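Student: Chains as they are written, first to last, in this note's numbering: chain A, -13 to 355; chain B, -13 to 355; chain C, -13 to 355; chain D, -13 to 355. We put the CB at the ideal spot given by N, CA and C, even for glycine. None of the values given here were measured: they were computed from a predicted structure.
Below is the structure:
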């Protein structure tokens, strides 16, 4: 099934494996007239590149993007934008061990069950490199949103047991540490925890939080296409994500209505605001004009060098230790992936929302009622 | 946009408001030849009916379902199954107050922003009665799954601060208490908590857990249509859900890879199993043959009789107390809704998975390679 | 598969069989704020009703439509509009002969092959009554289009060998004869031909032509979602349609480029027009501002009382003559069905087109570049 | 909108312009385990290449395809197959005249209306080179179909006034002439007609016919997703197609039911067949086991060197003659494009049809009823 296409009006189709010729994405339905260069996309791709800190793999990946179509004289034409990143540094190392066994926490076994065989080199399609297509497309979505006054910002909220306090955020600190945590003190603790994990040949999970500002009230559709439902799918489709929550999320399940309800009030400019934002910016699946705030839980990197029990393709019990150098944590590099999936989701829903009212449609087409 | 349609091969389209003529659903793509009666559906609808315990509204709703099409001589024909429940007991009470103000925690304000006006009677489309369509369709999906050896079971995992212990479950107790909690002792505590909430004119949130047994390995699609991503969307599209997690979920973010990875092993019958199920039955977005286990966090019922601050449509600050009798908690009645959304999701992905391998397609069409 | 849903932003899902409880449609994505009554829909349904002339079946079908949801205080709310027509006059006659044999030209055999059995009463889902859902939804689409200055008009272009001349049309005559032909002289010939067919216990095919006026230039998408491709699918999905052509259609295959190309010119008001319209209003799949003109070929009614050869379900050769009174031609009643499928298609593409340009999106959301 | 994606379970997304970096397609949902090489695809691409006869442009286009993903050790993996053809021979000639004027019969004007500007080099996205993606994907679909015993064959049925007689076909002659007409005598007449057109600096239209053999009865969905409706959209989405008909098509509109109905009969092997095939292999939108036969009408090549009237972007009346060498007819090169769109459509519907019956689903999953 077409599992690699995402979106309704602005849709993306990604392709590529870890060790194939390259990784890419086709963006279809991008509005015409947007100024767009490869640089706009490259700065997003650089944020997910490995080798940028001591907690990401020292493998060098250039990940240079090429715009193959859909841009003419510096502007999008409205037709499909094809983006490609060539795989250049994937070594043809020995995959014979991985080829014949099922790594715990990986998709080796499930791909074999589904397809009868699998591309075992570097994880094939289930590799983290698959996110290159998401990020390249998300960079375009984020640029469009920024022209509409909407910003999407994600950061590391927690690493293992180290979580940052909502009231002490300083986003300017986010890019000043190796873990994309906007709180220097917490970041230092997190780094110490990661060092301990690595010393034990182990890995660690964490949480990414994302804030979207500037979304007007009224975006999202009733019933199955609620804004939060679409965000949940977008975020949970990222490999290693095991949970999604919006606003107070699971904490809302423990409290009373009187403390969870956000009171509306008249703002000084006469518009309507909310005194709190337990809802995370969405009521009945539709944006309420507040910041959209959600979180994604990432499991620990499944590749660890510590010895593990498993079976091989013949169904025999074996023990393996995964060779090579792997990130001890997924989260810092996943921050930009979450941001991009959110941008793609919000943009698509924003475009869809243009058609919800007769009066606005008539105005768009120059008709008077 | 078509926000009321859900699914790819087996899709449902729901319609109806709280106080309109009725509520319904059209199931399209249901395989032909399934024995189906109104009773099969009614037993699911009865589980979500109000008035069944002292924690659900004493309003009497008959919610009798009528099969309007798609069944001939007791079996499904393969063409659309139209199901309708007439709204019978909705009193034409005075909605003038609700009509002009925005209830905190409700969709009143966002619907007005999106559509320019709203059906204010009983919540209109954003009413909990919208779930009747989901449950009626889910009953059909669950019946198909049961013929394929797959069962879907949800229950109340937590109410406010009262949460049940995974190791002390007894599903047979689930329907013996007013809160659908399969643990009598915890249920008693939960009921006491609800009584306290009600005494304070307040409401309470909770968590529903769902276990799906019998799903073969290999169901789910890579990338955007991962089985967990689809489940996340399905579940988060239910009103009042603020979070979704599969397997260990957010807890996985706090631990190390060595404890989160599930070791594969050879089972006595020679097949491959997992020693633990931290993953919740899905690896790389594809089922691994273990039980699928996920949870949904529900916020407290937003309708509380306690006085709250808000604004009216003129943008003036006012205070309201919501009249009428409302459930102090959504969770017990939402259990069957979660179950139904899960059944619809699993069935659709199961049908899609039939086409993933050439050898199986050739066998299906009687071709030898 | 969900074969009964049509459209992207404004989508419809139809249901119902000839002899079931009723026929209906759910319209999802209808913009909010449209004034809508049952009368708006009934006048379209009345145009497809049988029993209106001597060439349609004398069966009396009331086909009274009921709005079940989506309209509040006389206006559409933006949520699903559910429409139902109860089947009232379907007699429970003896279908034992049809039940066991395959009528030539009907879907009896193919439904059995696909589904393993079929609802044989009155044709089940493949009955012409299925079009009630299309027409009810199309009436809503046509009303929206008319508020945007767009009109959709279909009429009988040909009946058997009798075809009307493009230059002698008089649309005002269309409803003055029994065959919906806007040319009295041709209509008289056509009626004579139909009388001859009927005398020979036979039936007759024909052509419907449709003209859509007021569509702005720029509607339609490149590649697979060309405006003409969508119209082709919409029209060919009507039972009994065997061909579709736009503009000069098949005649364009016989001529030279110099005569088929439409020359652009500057109109008196300074805008751009075309001197001819061989293209039928679409260039590269996108509307060019001219009238959209297309035709649909309908095969003869397959039900004829003349004896025919066929087989029964046991695979034995038999001879049958189809009892009951049937229209000797489908075309006059299909005119409104073609009109409605065209209206639904154009409206959906019109809504989609709102998102094709950055500058217009920015203007819509009140952003300055 | 995502106008460049086609298909439900097996879907394709095409991209690329005439003079950009390249042209490509992503095939998503291809079943795993199909042996596939670049050669399999190249032989289809070679059939649409220009420069192969005196009636196609002498431009040399290599159109060498590269498989970028989705194939591992010679077999499809079930994940997206990305195919690319680099644009190599597109000269950077002077497009200043075309840039500022609207060529009659082309999409220049409509793209400007839709998008505000356009890529004017070589037609941009509306160029015939867009079909490379369709053909590359269609080659894969055709290979899958052939493994299921289904063949798709298209040929030139008519060129201008020269049409071949159904009873004198000899498909072996098809590739022995410059116009892909399986009738040598007719081909000679057609070539003479094309020479005459060219002498007059003019172009010519024609008809492609397609026959699909081996499709089992029961493929196609009721209502909107009829097999013929899907074929109509697929074929009408090819640039320059102005009409589609299946079976007797428009001719069926002129005859009586008694001659148009196909009589069923018992074949010698006990199965059910049809004595004639006026229906073209489809009844009620579902395949009946006979050959599927349809035709597509192509307009004449709009680019002619003869002087034509038109307007420029400033809205001034001008006269132009289109420079460069252009095919005097589209049809011979379009034959393989029609074949490929048909293969993609049939394959998708075939996969979808696997889920229409409970008994077959239970058998597939190894359940006994």
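1. Going by DSSP, name the residue or residues bridged to residue 141 of chain D.
2. Cβ closer than 8 Å: which chain D residues qualify as neighbours of residue 104 of chain A?
3. So, for residue 363 of chain C: in the same chain, excluding its five sequence neighbours on each side, which residues have a beta-carbon less than 6 Å away from its beta-carbon?
4. In chain G, what lies closer than 7 Å to residue 342 of chain C by C-beta?
5. Report the option in B:41, B:111, B:294, B:263 whose CA atom is closest to the CA atom of residue 184 of chain B.
6. For residue 345 of chain A, I'd like the list of residues in its chain whose CB is within less than 6 Å of its CB, leaving aside the five on either flank, ordered along the chain.
7. Please go through the same chain and pick out, in chain order, the residues whose beta-carbon is closer than 7 Å to the beta-carbon of residue 339 of chain D, but skip the five residues on each side of it.
8. Applying the 10 Å Cβ sphere with the 16-neighbour rule, what's the burial state of residue 394 of chain D?
9. Return yes when the Cβ of residue 192 of chain C is within less than 9 Å of the Cβ of residue 239 of chain D, no when it is not.
10. Would you give the residue range spanned by the alpha helix (DSSP H) that residue 294 of chain A belongs to?
11. Helix, strand or coil for residue 17 of chain D per DSSP?
12. Which word fits residue 94 of chain A, buried or exposed, when buried means at least 16 other C-beta atoms lie within 10 angstroms of its C-beta?
13. Examine chain D for any beta-carbon lying closer than 9 Å to the beta-carbon of residue 294 of chain C, and answer yes or no.
14. Taking C-beta pairs closer than 9 Å, name the residues in chain A that residue 337 of chain C reaches, listed in chain order.
15. Rounded to the nearest angstrom, what separates residue 237 of chain D and residue 291 of chain C at their Cα positions?
16. If you draw a straight line from the alpha carbon of residue 306 of chain B to that of residue 293 of chain B, how long is it in whole angstroms?
17. DSSP puts residue 149 of chain D in a beta bridge; with which residues?
18. According to DSSP, which residues form a beta bridge with residue 361 of chain A?
19. Only counting runs of 4 or more residues, tell me where the alpha helix (DSSP H) segments fall wholly within the stretch 277 to 326 of chain C, in order along the chain.
20. Taking only beta-carbon atoms, is residue 67 of chain D less than 9 Å away from chain B?
21. Taking Cβ to Cβ, would you say residue 118 of chain A is nearer than 9 Å to residue 2 of chain A?
22. How is residue 52 of chain B classed by DSSP in three states: helix, strand or coil?
23. Can a CB atom of chain A be found closer than 9 Å to the CB of residue 7 of chain D?
24. Using the three-state DSSP reduction, which class does residue 157 of chain A fall into: helix, strand or coil?
25. In this structure, what does DSSP give as the bridge partners for residue 251 of chain A?
26. Report yes or no: is there a C-beta of chain D within less than 9 Å of the C-beta of residue 217 of chain A?
27. Using 10 angstroms around the beta-carbon of residue 311 of chain C, count the other beta-carbons present and answer buried if the total reaches 16, otherwise exposed.
28. Who pairs with residue 231 of chain D in a beta bridge, going by DSSP?
29. I believe residue 202 of chain D touches residue 350 of chain B by the beta-carbon criterion, under 8 Å. Please report the beta-carbon distance rounded to the nearest angstrom.
30. Check the Cβ of residue -5 of chain C against every Cβ in chain A and list those closer than 9 Å, keeping chain order.
31. Counting contacts by CB-CB distance shorter than 9 Å, is residue 133 of chain A in contact with chain C?
32. Please decide whether residue 355 of chain D counts as near chain B, where near means a Cβ-Cβ distance under 9 Å.
33. Would you please verify whether the beta carbon of residue 330 of chain A is less than 9 Å from any beta carbon of chain D?
34. Between residue 82 of chain D and chain A, is there a C-beta pair that is closer than 9 Å?
35. Can you tell which of D:273, D:132, D:39 has the C-alpha that lies nearest to the C-alpha of residue 22 of chain D?
36. Does the distance from the CB of residue 277 of chain A to the CB of residue 267 of chain A come in under 9 Å?
Tutor: The short version:
1. Translated into positions along the fourth chain, residue 141 of chain D becomes position 155. Per the DSSP secondary-structure output, residue 141 of chain D pairs in a beta bridge with D:195.
2. Along the first chain, one-based indexing puts residue 104 of chain A at 118. Among the residues of chain D, those whose CB is under 8 Å from the CB of residue 104 of chain A are 58, 63, following chain order.
3. Only positions -13 to 355 of chain C appear in the structure, and residue 363 of chain C is not among them; the question remains open.
4. Here the protein chains are A, B, C and D, and chain G is not one of them.
5. As a position in the second chain, residue 184 of chain B is number 198, starting the count at 1. The candidate whose alpha carbon is nearest that of residue 184 of chain B is B:41.
6. Counting from 1 along the first chain, the entry for residue 345 of chain A is found at position 359. The answer is none, since no qualifying residue turns up.
7. Looking up residue 339 of chain D in the fourth chain gives position 353. Residues of the same chain with a CB within less than 7 Å of the CB of residue 339 of chain D, apart from the 5 flanking positions on each side, are 204, 205 in chain order.
8. Outside the shown range of chain D, which is -13 to 355, sits residue 394 of chain D, and nothing can be said about it.
9. Here residue 239 of chain D corresponds to residue number 253 of the fourth chain, with the count starting at 1. Here residue 192 of chain C corresponds to residue number 206 of the third chain, with the count starting at 1. In contact: residue 239 of chain D and residue 192 of chain C (Cβ atoms closer than 9 Å).
10. The sequence position of residue 294 of chain A within the first chain is 308, counting from 1. Unbroken run through residue 294 of chain A is the beta strand (DSSP E), 294 to 297; no alpha helix (DSSP H).
11. Here residue 17 of chain D is taken as the residue at index 31 of the fourth chain, counted from 1. Coil at residue 17 of chain D, not helix or strand.
12. For this step, residue 94 of chain A is matched to residue 108 along the first chain. With a 10 Å radius around the Cβ and a threshold of 16 neighbouring Cβ atoms, residue 94 of chain A comes out buried.
13. One-based indexing of the third chain puts residue 294 of chain C at position 308. For residue 294 of chain C, the answer is yes, since a Cβ of chain D falls inside 9 Å of its Cβ.
14. Working through the third chain from its first residue, we reach residue 337 of chain C at position 351. For residue 337 of chain C, the residues of chain A that pass the 9 Å Cβ criterion are 340, 341, 347, in the order they occur in the chain.
15. Start at 1 with the first residue of the fourth chain, and residue 237 of chain D comes out as number 251. Start at 1 with the first residue of the third chain, and residue 291 of chain C comes out as number 305. When the Cα atoms are used, residue 237 of chain D and residue 291 of chain C turn out to be separated by approximately 22 Å.
16. The residue labelled residue 306 of chain B in the question sits at position 320 within the second chain. The residue labelled residue 293 of chain B in the question sits at position 307 within the second chain. Straight-line Cα distance between these residues: approximately 5 Å.
17. Mapped onto the fourth chain, residue 149 of chain D falls at position 163. DSSP output for residue 149 of chain D lists D:144 as bridge partner(s).
18. Here chain A has residues from -13 to 355 only, and residue 361 of chain A is not among them.
19. Those alpha helix (DSSP H) runs which fall completely within the stretch 277 to 326 of chain C and span 4+ residues do not exist here.
20. Walking along the fourth chain from the start, residue 67 of chain D turns up at place 81. Contact with chain B is absent for residue 67 of chain D, since none of that chain's Cβ atoms lies less than 9 Å from the residue's Cβ.
21. As a working note, residue 118 of chain A is residue 132 in the first chain. As a working note, residue 2 of chain A is residue 16 in the first chain. Cβ atoms of residue 118 of chain A and residue 2 of chain A: closer than 9 Å.
22. Here residue 52 of chain B refers to the residue found at position 66 of the second chain. In the displayed model, residue 52 of chain B falls within a strand according to three-state DSSP.
23. One-based indexing of the fourth chain puts residue 7 of chain D at position 21. So, interface residue.
24. Along the first chain, one-based indexing puts residue 157 of chain A at 171. Note: residue 157 of chain A maps to helix in three-state DSSP.
25. Residue mapping note: residue 251 of chain A aligns to position 265 of the first chain, counting from 1. By DSSP's assignment, residue 251 of chain A forms a beta bridge with A:259.
26. Against the first chain, residue 217 of chain A aligns to sequence position 231. The Cβ of residue 217 of chain A sits no closer than 9 Å to any Cβ of chain D.
27. The residue given as residue 311 of chain C occupies position 325 in the third chain. Exposed is the call here.
28. Position 245 of the fourth chain holds residue 231 of chain D. In the DSSP assignment, residue 231 of chain D is bridged to C:229, D:281.
29. What you label residue 202 of chain D is simply residue 216 of the fourth chain in a count that begins at 1. What you label residue 350 of chain B is simply residue 364 of the second chain in a count that begins at 1. Between residue 350 of chain B and residue 202 of chain D the Cβ distance is about 11 Å, and since that is not below 8 Å, they are no contact.
30. Taking the first residue of the third chain as position 1, residue -5 of chain C is located at position 9. Under a criterion of Cβ atoms nearer than 9 Å, the residues of chain A adjacent to residue -5 of chain C are, in order, -6, -5, 338, 341.
31. Counting from one through the first chain, the residue named residue 133 of chain A turns up at place 147. So yes, residue 133 of chain A belongs to the interface.
32. Against the fourth chain, residue 355 of chain D aligns to sequence position 369. Here the model assigns residue 355 of chain D a pLDDT of 46, short of 50, so the residue's position is not dependable, and the following value carries that caveat. For residue 355 of chain D, a Cβ of chain B is located within less than 9 Å of the residue's own Cβ.
33. For this step, residue 330 of chain A is matched to residue 344 along the first chain. Judged by the 9 Å Cβ criterion, residue 330 of chain A is not in contact with chain D.
34. Locating residue 82 of chain D in the fourth chain gives position 96, where the first residue counts as 1. Among the residues facing chain A, residue 82 of chain D is not included, as its CB has no counterpart in that chain under 9 Å away.
35. Taking the fourth chain and counting its residues from 1, one reaches residue 22 of chain D at position 36. For residue 22 of chain D, the closest alpha carbon among the candidates D:273, D:132, D:39 is that of D:132.
36. Here residue 277 of chain A corresponds to residue number 291 of the first chain, with the count starting at 1. Here residue 267 of chain A corresponds to residue number 281 of the first chain, with the count starting at 1. It is a contact, given that the beta carbons lie within the stated cut-off.
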